[in-house]
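Asker: Residue numbers (the numbering used here), protein chains in the order written: chain A, 441 to 582; chain B, 463 to 707.
#1: Label residue 539 (chain B) either buried or exposed according to how many other C-beta atoms from any shown protein chain fall within 10 Å of its C-beta, with 16 as the threshold for buried.
#2: At least one CB of chain A closer than 7 Å to the CB of residue 581 (chain B): is that the case?
#3: What number of angstroms, rounded off, separates the C-alpha of residue 480 (chain A) from the C-alpha of residue 704 (chain B)?
#4: How many Å lie between residue 518 (chain A) and residue 454 (chain A) at the Cα?
#5: What residue from B:692, B:467 and B:489 has the CA that sits closest to residue 564 (chain A)'s CA?
#6: Okay, do the segment 647-661 of chain B and the segment 477-495 of chain A touch, 3+ Cβ pairs below 8 Å being the bar?
#7: What number of angstroms, rounded off, separates the C-alpha of residue 446 (chain A) from the C-alpha of residue 478 (chain A)?
#8: Output the boundary residues of the alpha helix (DSSP H) element that contains residue 547 (chain A).
#9: So, helix, strand or coil for residue 637 (chain B), using DSSP?
#10: Please report how far the alpha carbon of residue 441 (chain A) lies from the alpha carbon of residue 575 (chain A), in whole angstroms.
#11: Identify the continuous alpha helix (DSSP H) that holds residue 489 (chain A) and give its terminal residues.
#12: Which residues, in chain order, does the segment 522-553 of chain A contribute to contact with chain B at a C-beta distance below 8 Å?
#13: By the three-class DSSP mapping on this structure, what secondary structure does residue 580 (chain B) have?
#14: Would you verify that the beta carbon of residue 505 (chain A) is, or is not, closer than 7 Å to some beta carbon of chain B?
#15: Using a threshold of 7 Å, state whether the C-beta atoms of residue 662 (chain B) and residue 689 (chain B) are closer than that.
#16: If you draw a straight line from the C-alpha of residue 579 (chain A) to the C-alpha of residue 686 (chain B), how long is it?
#17: Check distances from the C-beta atoms of the segment 561-572 of chain A to those of chain B and list, in chain order, the residues that come in under 8 Å.
#18: State whether the segment 542-554 of chain A contacts the segment 638-656 of chain B, with contact taken as three or more CB pairs (one from each stretch) at a distance under 8 Å.
#19: So, with DSSP's three-state summary, where would you put residue 508 (chain B)?
#20: Are the Cβ atoms of residue 541 (chain B) and residue 497 (chain B) separated by less than 7 Å?
#21: What are the residues in the segment 692-707 of chain B lying within 9 Å of chain A by C-beta distance?
#22: Quick one, which residues of the segment 466-481 of chain A are near chain B if we go by CB-CB under 7 Å, in chain order?
#23: If residue 483 (chain B) and residue 499 (chain B) are in contact, beta carbons under 8 Å, what's the gap, nearest whole angstrom?
#24: Going along chain A, which residues have a C-beta under 9 Å from residue 662 (chain B)?
#25: Can you give the Cα-Cα distance for residue 555 (chain B) and residue 646 (chain B), rounded to whole angstroms?
#26: Just reading off the alpha helix (DSSP H) that residue 575 (chain B) is part of, what are its end residues?
#27: Who are the neighbours of residue 665 (chain B) on chain A, taking C-beta pairs under 8 Å?
#28: Do we get a CB-CB distance below 7 Å when we pair residue 460 (chain A) with the residues of chain B?
#29: Can you tell me the Cα-Cα spacing of residue 571 (chain A) and residue 560 (chain A), whole angstroms?
#30: So, helix, strand or coil for residue 484 (chain B), using DSSP?
#31: Report the option in A:495, A:461, A:448 and A:451 whose CA atom is closest to the CA atom of residue 620 (chain B).
#32: Starting from residue 502 (chain A), find everything on chain B with Cβ-Cβ shorter than 9 Å and list it in chain order.
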């Protein structure tokens, strides 16, 4: 979990390249050569199909996250030559907010999830440790 | 025995260095490098343990083996966490220095020789860039390589260096912010696991002191197994999170 959301990673990578004065295509190449995640694979497929002139709607629609779909749309516009830096800046605020909300939801649920191994495994282990010698002493005395 | 263990340790280090060179030259893959390292470690210490004999000696050599393998990893882990802690402040320092009118290379020089210690990897990166890429960075960590790549690009570019560093610093800060938030989410569960772990060991010591004659080894093994599984479960809770965004 200690990593960035794939969509935020893609967005920041694009933004950094554009701010450096590089083209979006160069930015995508750097992004694809970095750490692979589930979105990197999709973006690589999407880019390959786009280069061949094949319809990419199927790949875009296979993405469950609306943020990822929008990012692909924006990238498509960028590759067609439109200026997308202002759009990326607006999207960044939205994605950061969504990520923060997802993290907060997870922070709320995690203590409850941590109770499951505690109750199912660690408490019985402690109980065995406390009660086993007492039982064996009791059996001996009987 | 002490001199034999010293010879073994240095022997193992030499073999490790040779394998490392082979790995860099792509003679062996990274995965094979790991197995070769384990084999070398095993071959360095086990014959000595067999030669001197006895359970105590075997434990001593086993401990030596584990320490030889673990200490470099601990040092590397410490350096990496130091790098993660200081990389944003190093970018701040470079940016501040650029805005004060100094050149990019002068700013890097400050990282190398300044009063603030930015850690091993940042000093290594700065030195490599100052040496005009005579040597390339051998570290395989993605984050360290990315910082090296960005600073190298900044060194090669002739204009808007401050803007580049500023954008990169912003990206690093955002990443760090989310890393900290993610860590906070798992910290509570891990702290709980540590407290229960301490309790478990106290109970174990209590049992050994008071009921050592009545302790059933099978029950103890089941208890230890359950406890270990529970601890592993808790420590892995936050790791496999799939982002929905």
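We put the CB at the ideal spot given by N, CA and C, even for glycine.
Nothing here was measured: the structure is a model prediction, and the numbers come from that model.
Answerer: Looking at the coordinates:
#1: Taking the second chain and counting its residues from 1, one reaches residue 539 (chain B) at position 77. It counts as exposed.
#2: Working through the second chain from its first residue, we reach residue 581 (chain B) at position 119. No, residue 581 (chain B) lies away from the interface with chain A (no Cβ there is under 7 Å from its Cβ).
#3: Along the first chain, read from residue 1 onward, the residue named residue 480 (chain A) stands at position 40. Along the second chain, read from residue 1 onward, the residue named residue 704 (chain B) stands at position 242. Approximately 14 Å, taken between the alpha carbons.
#4: Taking the first residue of the first chain as position 1, residue 518 (chain A) is located at position 78. Taking the first residue of the first chain as position 1, residue 454 (chain A) is located at position 14. Straight-line Cα distance between these residues: approximately 10 Å.
#5: For this step, residue 564 (chain A) is matched to residue 124 along the first chain. For the residues B:692, B:467 and B:489, the minimum Cα distance to residue 564 (chain A) belongs to B:692.
#6: no
#7: In the first chain, the residue the question calls residue 446 (chain A) occupies position 6. In the first chain, the residue the question calls residue 478 (chain A) occupies position 38. The straight-line gap from Cα to Cα measures roughly 7 Å.
#8: Reading the first chain from its first residue, position 107 is the one you call residue 547 (chain A). Its alpha helix (DSSP H) spans residues 525-557.
#9: Looking up residue 637 (chain B) in the second chain gives position 175. In this structure, residue 637 (chain B) counts as helix in the three-state DSSP scheme.
#10: Walking along the first chain from the start, residue 441 (chain A) turns up at place 1. Walking along the first chain from the start, residue 575 (chain A) turns up at place 135. Caution applies to residue 441 (chain A), whose pLDDT of 46 falls short of 50 and renders its modelled position unreliable; the value that the coordinates give is listed next. Distance between the alpha carbons of residue 441 (chain A) and residue 575 (chain A) is about 43 Å.
#11: For the purposes of this step, residue 489 (chain A) is identified with residue 49 of the first chain, where counting begins at 1. 478-492 is the span of the alpha helix (DSSP H), which, as asked, contains residue 489 (chain A).
#12: 535, 536, 538, 539, 540, 542, 543, 546, 547, 550, 551 and 553
#13: In the second chain, counting from the first residue as 1, residue 580 (chain B) sits at position 118. Here residue 580 (chain B) sits in coil by DSSP.
#14: In the first chain, counting from the first residue as 1, residue 505 (chain A) sits at position 65. Yes, contact with chain B.
#15: Here residue 662 (chain B) refers to the residue found at position 200 when the second chain is read from its first residue. Here residue 689 (chain B) refers to the residue found at position 227 when the second chain is read from its first residue. Yes, the Cβ-Cβ distance between residue 662 (chain B) and residue 689 (chain B) is below 7 Å.
#16: Your numbering for residue 579 (chain A) matches position 139 in the first chain. Your numbering for residue 686 (chain B) matches position 224 in the second chain. If you take the alpha carbons of residue 579 (chain A) and residue 686 (chain B), they lie about 23 Å apart.
#17: 561, 562, 564, 565, 566, 568, 569, 570 and 572
#18: yes
#19: For the purposes of this step, residue 508 (chain B) is identified with residue 46 of the second chain, where counting begins at 1. In this structure, residue 508 (chain B) counts as helix in the three-state DSSP scheme.
#20: Within the second chain, residue 541 (chain B) is the residue found at index 79, counting from 1. Within the second chain, residue 497 (chain B) is the residue found at index 35, counting from 1. Taking 7 Å as the Cβ cut-off, residue 541 (chain B) and residue 497 (chain B) do not qualify as a contacting pair.
#21: 692, 693, 694, 695, 696, 699, 700, 701, 702, 703, 704, 705, 706 and 707
#22: 474 and 475
#23: The residue labelled residue 483 (chain B) in the question sits at position 21 within the second chain. The residue labelled residue 499 (chain B) in the question sits at position 37 within the second chain. The Cβ separation is near 13 Å, so there is no contact.
#24: Taking the second chain and counting its residues from 1, one reaches residue 662 (chain B) at position 200. Going along chain A in sequence order, the residues near residue 662 (chain B) (Cβ under 9 Å) are 562, 565, 566 and 569.
#25: Counted from its first residue, the second chain places residue 555 (chain B) at position 93. Counted from its first residue, the second chain places residue 646 (chain B) at position 184. C-alpha separation (whole angstroms): 27 Å.
#26: To locate residue 575 (chain B), count along the second chain from 1; it is residue 113. Residue 575 (chain B) -> alpha helix (DSSP H) spans 566-575.
#27: Along the second chain, one-based indexing puts residue 665 (chain B) at 203. Within 8 Å Cβ-Cβ: 566, 569 and 570.
#28: Residue numbering aside, residue 460 (chain A) sits at position 20 when the first chain is read from its first letter. Yes, its Cβ sits closer than 7 Å to a Cβ of chain B.
#29: Start at 1 with the first residue of the first chain, and residue 571 (chain A) comes out as number 131. Start at 1 with the first residue of the first chain, and residue 560 (chain A) comes out as number 120. Cα to Cα, the separation comes out at about 17 Å.
#30: To locate residue 484 (chain B), count along the second chain from 1; it is residue 22. Here residue 484 (chain B) sits in helix by DSSP.
#31: Translated into positions along the second chain, residue 620 (chain B) becomes position 158. The shortest C-alpha separation from residue 620 (chain B) is found at A:461.
#32: Here the question's residue 502 (chain A) lines up with position 62 in the first chain. Within chain B, no residue comes near residue 502 (chain A); the closest Cβ sits about 15 Å away, beyond 9 Å.
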